[in-house]
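A short worksheet on the structure shown next.
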Amino acid sequence: MSEGKNVIEGLYYSKDHEWVKVESDDLVIIGITDFAQHSLHEITYVEVSEVGTTLNAGDECGLVESMKASSEIFTPLSGEVIEVNPALELSPEVVNESPYDKGWLMKMKPSNLQEEIASLMDAKAYSDYIDSL
Numbered sequence: 031m032s033e034g035k036n037v038i039e040g041l042y043y044s045k046d047h048e049w050v051k052v053e054s055d056d057l058v059i060i061g062i063t064d065f066a067q068h069s070l071h072e073i074t075y076v077e078v079s080e081v082g083t084t085l086n087a088g089d090e091c092g093l094v095e096s097m098k099a100s101s102e103i104f105t106p107l108s109g110e111v112i113e114v115n116p117a118l119e120l121s122p123e124v125v126n127e128s129p130y131d132k133g134w135l136m137k138m139k140p141s142n143l144q145e146e147i148a149s150l151m152d153a154k155a156y157s158d159y160i161d162s163l
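Just add 30 to wherever you are in the sequence shown, counting from 1, and you've got this note's numbering.
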């Protein structure tokens, strides 16, 4: 698999290169994809919406900065931020090293999970999408 093209089965993906892992009807984990972190290169700073923030799908919910660029993060789902990855403040590079595991951005209590998850891509559709870019 080429650099930046690692796509994990069982996750949902947005066209803005965020991923969603559904833990339960009341908990999802959100991060940026391998494609996104690879495009940014060495990540130097990550900012995510504060715990308690209520977001609508498509809202800006953070910022990722690297030596090369700065990129907004958009939430793929509506809901309330219930946890932010504490490792990102001191070690933002963890997003480069482990975008689908240790480099997650936030946990959210979704407000409209079933309807909104249907608008996201599965692993195959996302792989096809990034191959077309």
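Note that CB positions come from ideal geometry on N, CA and C, so glycine has one too.
In angstroms with no decimal places, state the Cα-to-Cα distance between residue i and residue j.
i	j	result
H47	D55	22 Å
D152	L41	7 Å
L93	I103	5 Å
Y43	T74	24 Å
E113	E90	17 Å
M97	E127	16 Å
L150	G61	14 Å
G166	M138	What is shown of the chain runs 31 to 163, which leaves residue 166 out entirely.
By a C-beta neighbour count over all protein chains shown, 10 Å radius and 16 as the cutoff for buried, is residue i buried or exposed?
i	result
A66	buried
N142	exposed
K154	exposed
E80	exposed
P116	exposed
G133	buried
Pull up the DSSP beta-bridge partners for residue i, would you.
i	result
F104	E90
L57	S54
S157	Answer is none; S157 lacks a bridge partner.
S44	Beta-bridge pairing links S44 to no other residue.
Check the C-beta distance from residue i over to residue j and give it rounded, since I have them as a contact under 8 Å.
i	j	result
P129	L107	P129 to L107, Cβ: 18 Å. No contact.
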